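One structure is given below, encoded as structure tokens.
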Amino acid sequence: MRITMVGTGYVGLVTGTCFANLGNEVTCLDVDPVKIDKLKAGISPIYEPGLDEMIARNVKAGRLHFTVDKAAAYASAEIIFLCVGTPSDARGHADLKYVLAASGDIGDAIEAAGGETGGDPGERRAKIIVVKSTVPVGTNAKVREAIAAKTGKPFRMASNPEFLKEGAAITDFMKPDRVVVGVDDEHGTGGRMRDLYEPFVRNGHPIYVMDIPSAEMVKYAANAMLATKISFINEIAALCEAYGSNVDEVWRGMTSDARIGNKFLYPGLGYGGSCFPKDTLACVSMGSESATPTPLLQAVHDVNQRQREDFFAKIVKHFGGESNLRGKAFGVWGLAFKPGTDDVREAPAVTLIEKLLAAGATVKAHDPVAHETARELLGDRITYCDRPMDTARDADALLICTDWPEFKQPPLERLRETLAAPVIFDGRNLYKPAVMEEAGFTYVSVGRRAVNAPAAG
Ligand code: UDX
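With the numbering used here applied, the sequence shown corresponds to residues 54 to 510, in that order.
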């Protein structure tokens with residue numbers, strides 16, 4: 054099939070490349086010529102395992118193209134995927150300006166395209182416009198209106214939410230748990246979308262074809278549920294600390310109940326990234342706009358914010374007051390919002406570092422891949438170290454913000470000797486408190502007793 058992806062951000066690029074990889078003819082369109090030139094030269098703007106090789110292979114094979122030429126990209130496409138950004142304002146409203154601008158351009162292109170989409174038999178070949186960006190329920194209808202305002206020729210609409218996890222996006226796309234497609238004609242458009250996705254679900258996983266407003270809601274419901282699980286366990290972890298329980302044991306005891314399950318229930322610094330914070334707030338916003346309050350989801354968001362505050366409060370408490378942080382040196386392990394990505398959007402590390410800097414502390418940080426992206430937010434206000442151990446040199450404490458696998462078994466003795474004081478604040482519960490106690494560290498984590506800490510003893 055001939056496919057055009059609009060927007061070469063994370064979703065557009067991964068989706069387009071994976072479609073090309075199965076033999077489709079894919080054009081990726083973006084308004085940013087610098088980005089397009091880089092992609093043509095084989096340079097991916099994002100870090101995602103396996104993506105660079107897949108782009109290079111498919112460009113070489115002549116199936117994957119990059120362009121800034123809207124008219125040509127729209128004219129040739131059978132299916133157009135809208136993957137442009139939907140930034141949210143402080144209240145969580147999604148800004149649809151990019152989606153609606155692209156919709157208008159698509160309408161112009163359909164109007165200009167002539168015979169390809171016209172006539173009765175041609176009706177079956179009408180272009181399908183697929184909304185893939187995460188947008189509030191009802192946006193599909195607005196896109197349809199924006200296109201119809203420009204042309205009377207036929208076109209079809211579909212909603213196709215994505216469920217990609219950064220760092221595992223290629224695998225998630227190639228072997229999805231499920232594909233969700235919203236359409237308003239199950240056989241025509243639904244059938245063509247099924248044909249497109251059928252090769253990806255040879256693993257036996259389902260393609261669900263449903264009405265458009267339901268498909269639009271699935272993504273929000275799924276992400277709000279996952280965010281709720283994280284805030285839930287973080288709230289339980291806080292109770293564990295207050296009552297001397299160990300959240301690891303509580304986790305084991307509760308998650309062996311199959312109704313609860315053991316996934317996505319790890320306490321820590323809370324969720325970050327481009328989806329959960331935005332989508333949770335978008336649900337709250339959809340609620341207030343429809344006079345359907347969502348107090349649970351507001352609380353999920355509030356707990357997530359509080360999680361970072363509470364962890365910073367533990368650092369302050371250790372040093373006997375915020376004013377004592379002035380002049381202290383901190384090593385930080387992990388800047389990305391989670392392992393396997395260079396994405397630092399809404400990353401707990403950035404929040405905590407900003408607080409440390411504001412209190413007059415200095416920071417040396419290490420992340421396996423996120424130095425460049427972090428520099429965009431933090432500039433040269435911190436030092437970026439190539440090796441984790443270099444951040445610990447002469448530091449008054451080490452702060453762990455991301456659960457990268459390479460942080461899981463550090464040489465503890467060397468670490469203790471390198472730090473000016475053997476103090477670790479572990480926001481990801483990477484180590485066992487008893488092991489750290491034995492190794493002579495003051496060790497403060499989430500939902501478990503602090504060891505060798507003045508407050509604990
Ligand atoms: C998420 C969804 O998983 C994906 O389906 C959706 O399409 C986009 O949003 P992503 O943002 O890449 O994907 O991150 P994910 O791996 O889901 O992790 C989200 C955050 O939750 C991370 O900050 C992670 O550290 C945190 N997390 C996750 C926890 O704190 N505890 C957990 O148990 C799991």
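Ideal placement from N, C-alpha and C gives every residue a C-beta, glycine not left out. Every value quoted in this text rests on a predicted model; they were computed, and no experiment measured them.
Annotated three-state conformation of residue 384 is strand, per DSSP. At least one heavy atom of ligand 1 sits closer than 6 Å to the Cβ of residue 283.
A direct Cα-Cα distance of roughly 11 Å separates residue 260 from residue 252. Out of 274, 215, 334, the CA that lies nearest to the CA of residue 250 is found in 215.
The beta-carbon separation of residue 186 and residue 135, rounded to 6 Å, stays under the 8 Å limit for a contact. Between residue 209 and the set 231, 201, 182, 191, the nearest pair of CA atoms involves 182. For the region 328-403, the full-length beta strand (DSSP E) segments reaching 3 residues or more read 382-386 along the chain. Residue 66 has its alpha-carbon roughly 20 Å from the corresponding atom of residue 230. DSSP, read as helix, strand or coil, puts residue 226 in helix. One Cα belongs to residue 121, the other to residue 148, and the distance between them is close to 22 Å. For residue 362, the closest of 402, 345, 384 by C-alpha to C-alpha distance is 402. Cα atoms of residue 96 and residue 126: separation of roughly 21 Å, rounded to the nearest angstrom. If you ignore the 5 residues before and after residue 400, its C-beta comes within less than 7 Å of the C-beta of 325, 388, 389, 390, all in its own chain and listed in chain order. Check the Cα spacing between residue 226 and each of 133, 256, 199, 203: the tightest is with 256.
Nearest to residue 102 by C-alpha distance, out of 197, 219, 301, is 219. Annotation: residue 179 is outside any alpha helix (DSSP H) and is labelled neither H nor E by DSSP. In the same chain as residue 84, and ignoring 5 residues on each side of it, the C-beta atoms closer than 8 Å to its own belong to 121, in chain order.
Excluding residues up to 5 positions away in sequence, 378, 379, 380 lie with their Cβ nearer than 7 Å to the Cβ of residue 413 in the same chain. Taking a contact to require three or more Cβ pairs closer than 8 Å, the region 63-80 and the region 261-281 do not qualify as touching.
Our two residues, residue 203 and residue 155, have alpha carbons roughly 12 Å apart in a direct line.
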